[in-house]
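Visitor: What follows is a single structure, and I will ask about it in a moment.
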Amino acid sequence: MSHGPRTRVAVVGAGPAGLLLARLLHLHSIDCVVLESRGRGYVEQRQRAGILEQSTVDVLRRAGAADRLEREGLPHDGIELRFAGRRHRLDFPALTGGRRVWVYAQTEVVKDLIALQLADGPPLVFEAPVHAVEGAQDGGCTVRYTHGGRERALTCDWVVGCDGFHGVVRDAVPAPARQVHERVYPYAWLGILADAPPVHDELIYAHSPRGFALASMRSPAVSRLYLQVPVGTEPGTWPDERIWDELDVRFGAHADWRLTRGPVTQKAVLPMRSSVTEPMRYGRVLLAGDAAHIVPPTGAKGLNLAVSDVTVLARAFAHLHETGSATLLDTYSDDCLGRVWRAEHFSYFMTTTLHTAPGQSSFDTRLQLSQLERVAASPHAAAELAENYTGAPLPGEG
Ligand code: PHB
């Protein structure tokens, strides 16, 4: 069975991690094949956050994948925090020595990378679910998958799991060889897309006695809005008018303030969880992006971490390809985990500072407000938040 096609690197999953890795490997003339369990339509519609760090944009530019991002992405130089009747703006370039973020949806990044790969990239196979990865500790690996109703096998030197939190590649790492660190939050987000102009030209993160709310955007005509809701909420229990009313209350709890309403085109409930699997490498199997770690969406770090993982990984493969030395693959996990844990902490901090847990005491609420006051009053605390939000430069970046 394992005499079929072979490649250097089998990439499992065509989300941003897998697609960008394939692009970077292609630019280094390293052979790879991408296997994706779902169809192209599904992958291109999957809604995720929409904030790109400065270094994510720089990597996409270097990968030749930023043409549409340059035209349609919205550079943002700050965010607004709302709490206790106050509005406080954080000025990112001033606080970070010039760093900013871009609003450009993850789905658009995925569409751009798929178009590039189908035009001139390595093979990308949709509807090809992987069931098993064998040989992690041997001289080479076999990836077993189904495609077109047939069982198939791909032999390779390395397998990279970019197949998300529910992916199968992680299972190639025996349980005793991995540690999972996890935190589940006692609330969820209801996210909507609406054909309504954004209420403000920057994102608004609101702490309110009724729970968290976030106003983001997809374009000058499309708003992306989120409300904290109880775990297990059915989106159907939130008719559009109820969502708009609740958003108005949470953003304007202390002022006369209204959103511009418009048709709601999508509605979904998202769970909130933090999780890290260590190490990110086991023999010939490597994990990247959500397959290795997830964050709650509050800090919009998921895509950015996926990009930093595969940037480090592509450099390690290029080093192996050019020099024959696997030293950078040996340090891959350690090289990534510092940044991963920083983003985990930041996402946890944003989440727990801004949400109201069920049964939360007034003491805990006062601590949250004291923390937000501190960010508003201290340039040092504001710079800490802004640096985390805009993200550190990647290794080797200026
Ligand atoms: C989004 O636009 O979807 C978004 C933005 C910022 C976040 C989370 C999600 O923190």
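No gaps in the numbering here: position 216 of the sequence shown is 216 in UniProt numbering, and each next residue is one more. Think of the CB as a built atom: it goes at the ideal place given N, C-alpha and C, for glycine as much as any other residue.
Consult DSSP for cysteine 336 and reduce its assignment to one of helix, strand or coil.
Guide: To locate residue 336, count along the sequence shown from 1; it is residue 336. Three-state DSSP puts cysteine 336 in a helix.
Visitor: Using only Cβ atoms and a threshold of 5 Å, which residues come within that distance of a heavy atom of ligand 1? Order them by chain position.
Guide: This selection yields Ala49, Gly50, Ile51, Ser216, Arg224, Pro297 and Ala300.
Visitor: Is the CB of aspartate 67 under 8 Å away from at least one CB in chain B?
Guide: Protein chain content of the structure displayed is limited to a single chain, and chain B is not contained in it.
Visitor: Tell me whether valine 231 is buried or exposed, calling it buried when 16 or more other Cβ atoms sit within 10 Å of its Cβ.
Guide: The residue labelled residue 231 in the question sits at position 231 within the sequence shown. By the 10 Å Cβ count, valine 231 comes out exposed.
Visitor: Compute the Euclidean distance between the alpha carbons of leucine 354 and valine 33, then round it to the nearest angstrom.
Guide: Here residue 354 refers to the residue found at position 354 of the sequence shown. Here residue 33 refers to the residue found at position 33 of the sequence shown. Roughly 42 Å between the two C-alpha positions.
Visitor: With DSSP collapsed to three states, give me the class of tryptophan 244.
Guide: Position 244 of the sequence shown holds residue 244. Reduced to three states, the DSSP call for tryptophan 244 is helix.
Visitor: Going by alpha carbons, who is nearest to valine 159 out of Gln106, Gly135, Arg150 and Ile114?
Guide: For the purposes of this step, residue 159 is taken as residue 159 along the sequence shown, with counting starting at 1. Nearest C-alpha to valine 159: Gly135.
Visitor: Comparing alpha-carbon positions, which option in Phe165, Trp238 and Glu202 lies nearest alanine 292?
Guide: Within the sequence shown, numbered from 1, the residue matching residue 292 stands at position 292. Ranking Phe165, Trp238 and Glu202 by Cα distance to alanine 292 puts Phe165 first.
Visitor: Based on the DSSP secondary-structure assignment, which residues constitute the bridge partners of proline 75?
Guide: Locating residue 75 in the sequence shown gives position 75, counting from the first residue. DSSP, once it has assigned bridges, lists Trp102 as partnering proline 75.
Visitor: According to DSSP, what are the bridge partners of leucine 227?
Guide: Along the sequence shown, read from residue 1 onward, the residue named residue 227 stands at position 227. Leu190 and Ala213, per the DSSP bridge assignment.
Visitor: Give every residue of the same chain whose Cβ lies closer than 6 Å to the Cβ of leucine 214, excluding the five residues on either side of it in the sequence, and list them in chain order.
Guide: By 1-based counting over the sequence shown, the position of residue 214 is 214. Hits under 6 Å: Tyr205 and Tyr226.
Visitor: Classify phenylalanine 363 as buried or exposed, calling it buried when 16 or more other Cβ atoms lie within 10 Å of its own Cβ.
Guide: The residue given as residue 363 occupies position 363 in the sequence shown. Answer is exposed; the Cβ neighbour count stays below 16.
Visitor: Please confirm if the region 17-27 is in contact with the region 56-67, defined as three or more CB-CB distances below 8 Å between the two stretches.
Guide: Enough Cβ pairs lie closer than 8 Å, so yes.
Visitor: Look at the alpha carbon of leucine 52 and the alpha carbon of asparagine 304, and state the distance between them as a whole number of angstroms.
Guide: Taking the first residue of the sequence shown as 1, we reach residue 52 at position 52. Taking the first residue of the sequence shown as 1, we reach residue 304 at position 304. Approximately 6 Å between the Cα atoms of the pair.
Visitor: Contact between the region 160-179 and the region 255-264 is defined here as three or more beta-carbon pairs at a separation below 8 Å; is this criterion met?
Guide: Too few Cβ pairs lie closer than 8 Å, so no.
Visitor: So who's on the other strand from cysteine 32, going by DSSP bridges?
Guide: Position 32 of the sequence shown, counted from the first residue, corresponds to residue 32. Answer is Val9, bridged to cysteine 32.
Visitor: Tell me the rounded alpha-carbon separation between residue 441 and valine 169.
Guide: Nothing about residue 441 can be reported from this structure: the residues present for the chain run from 1 to 398 only.
Visitor: Got a sec, what are the start and stop residues for the alpha helix (DSSP H) glutamate 322 sits in?
Guide: Numbered from its first residue, the sequence shown carries residue 322 at position 322. Where glutamate 322 is concerned, the enclosing alpha helix (DSSP H) stretches over 302-323.
Visitor: Does phenylalanine 83 come out as helix, strand or coil in the three-state DSSP assignment?
Guide: Here residue 83 refers to the residue found at position 83 when the sequence shown is read from its first residue. Phenylalanine 83 falls in the strand class under three-state DSSP.
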